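Asker:
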Amino acid sequence: GNSVTQMEGPVTLSEEAFLTINCTYTATGYPSLFWYVQYPGEGLQLLLKATKADDKGSNKGFEATYRKETTSFHLEKGSVQVSDSAVYFCALSAPDSGGSNYKLTFGKGTLLTVNP
Amino acid sequence: GAGVSQTPSNKVTEKGKYVELRCDPISGHTALYWYRQSLGQGPEFLIYFQGTGAADDSGLPNDRFFAVRPEGSVSTLKIQRTERGDSAVYLCASSSVGGSGANVLTFGAGSRLTVL
C-alpha cells in the first residue's frame, strides 16, 4: 500500500537558519506529492505540490523536488522566520486501479519551532 | 462560504453517547472528504463524497461511523456508541474536482472530539 515517512520532530531552529524536513514515500504507480502546513489553531493548508518526477514545487520560499529515483520529496527553506513555526505534513495521492486520484496519504507530521 | 467550516470546534462526550459533526464545504465544491487525525499522527482518510453519494467509505473504521451529504453540500459525520479510542480531531475538506488529477483539498480547522 501507499505510505509516507517523514523526519520525526520536533525541529527547533533559530531565525534565518536553513531548514530541511525529509520525506520519503512508497506508492503504486506515479503519485502526486504534497506538503501541507498546519499553523496553530488553523486548518491544514497546501504549501506546495509536484505531480511528476523532477518537478519542483515552491511557495513562500519553501521548495521540494520530486525525486523518483530516491522516492523522496524533501522540504527546504533557505532562511526560516518565526512565522514559519507550524506542523508540516508530507502527503501523496496515487491513482487507484480505476484511475481515481483523490485519497491523500499523510506522514505523521513534523513540528517546526523557529526562535527569534 | 469563503472556507470550509466545521462545527463544533470542540466536543466532549461520554463513552456510549451519540455524536454528530458537521461540515460546510466551500460553495460549489462537489467533492467532500472526512479525515481523522489522532494525536501525533497524520490525517487518515475516512470517506469521500462526490455530490450526494459516498464514492468511497473504505476508511470508516467500523459500522458505528456513518456520514451523509443529502443535498450535495453540507455533510454530517455520525458516530454511535462512542468509545475512548474515537477521541481525535475530525477534519473535513472539499475540492472542486474529484477523482482524477492532482486534487487540491481545502481543509477546515477540524472538530476535536474527546470521549471520556
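Chains as they are written, first to last, in our numbering: chain S, -15 to 100; chain Z, 72 to 187.
Using N, Cα and C, we set each Cβ at its ideal position, and we do this for glycine too.
Note that the structure is predicted; figures quoted are calculated from it, not measured.
(1) For Thr89/S, which residues from the same chain have a beta carbon less than 7 Å from its beta carbon, with the 5 sequence-adjacent residues on both sides left out?
(2) Within the continuous beta strand (DSSP E) that includes Tyr176/Z, where are the two ends?
(3) Excluding the 5 residues flanking Gly87/Z on each side, which residues of the same chain have their C-beta closer than 7 Å to its C-beta?
(4) Would you say Tyr50/S reaches chain Z, if we count a Cβ-Cβ gap shorter than 9 Å as a contact?
(5) What are the partner residues of Ser(-2)/S, as DSSP defines its beta bridges?
(6) With a Cβ-Cβ cutoff of 9 Å, do Leu28/S and Leu184/Z count as a contact?
(7) Is any beta-carbon of chain S found at less than 9 Å from that of Gly143/Z?
(8) Between which two residues does the beta strand (DSSP E) containing Leu32/S stretch?
(9) How far does the beta strand (DSSP E) with Ala138/Z in it reach, from first residue to last?
(10) Across the region 15 to 28 of chain S and the region 39 to 51 of chain S, are there enough close Cβ pairs to call them in contact, namely three or more that are closer than 8 Å?
(11) At a CB-CB cut-off below 8 Å, which residues of chain A make contact with Phe73/S?
(12) Within 10 angstroms of the Cβ of Thr94/S, are there 16 or more other Cβ atoms? Answer buried if so, exposed if not.
(13) Throw me the rounded Cβ distance for the Ser144/Z and Pro96/Z pair, which I believe falls under 8 Å.
(14) For Ser42/S, which residues in the same chain have their Cβ closer than 7 Å to its Cβ, ignoring the five residues on either side in sequence?
(15) To the nearest angstrom, how far is it from the Cα of Ala40/S to the Cα of Thr4/S?
(16) If contacts are defined as beta-carbon pairs under 8 Å, then Cys164/Z and Tyr106/Z qualify, I think. What distance do you get, rounded to the angstrom?
(17) Quick one: grab the DSSP three-state call for Ser67/S.
(18) Just verifying my parser: in three-state terms, what is the DSSP assignment at Gln155/Z?
Answerer: With the structure as the only source:
(1) Taken in chain order, the residues that qualify are Asn(-14), Ser(-13), Val(-12), Ala75, Leu76.
(2) Sequence inspection shows Leu at residue 176/Z; the Tyr mentioned does not correspond to that position. Run containing Leu176/Z: none; DSSP gives neither H nor E here.
(3) Arg152, Thr153
(4) no
(5) Paired residue(s): Asn99/S.
(6) no
(7) Closer than 9 Å: no.
(8) 28 to 34
(9) From DSSP, the beta strand (DSSP E) with Ala138/Z extends over 136 to 139.
(10) yes
(11) Included in the structure are the protein chains S and Z, with no chain A among them.
(12) buried
(13) So it is a contact: roughly 7 Å between Cβ atoms.
(14) Result list for Ser42/S: Leu32, in chain order.
(15) Position check: residue 40/S holds Lys in this sequence, whereas Ala was assumed. Cα to Cα, the separation comes out at about 15 Å.
(16) According to the sequence shown, residue 164/Z is Ala rather than Cys. With 8 Å as the limit, Ala164/Z and Tyr106/Z qualify as a contact, their Cβ atoms being about 7 Å apart.
(17) helix
(18) It is Arg, not Gln, that sits at residue 155/Z in the sequence shown. Arg155/Z falls in the helix class under three-state DSSP.
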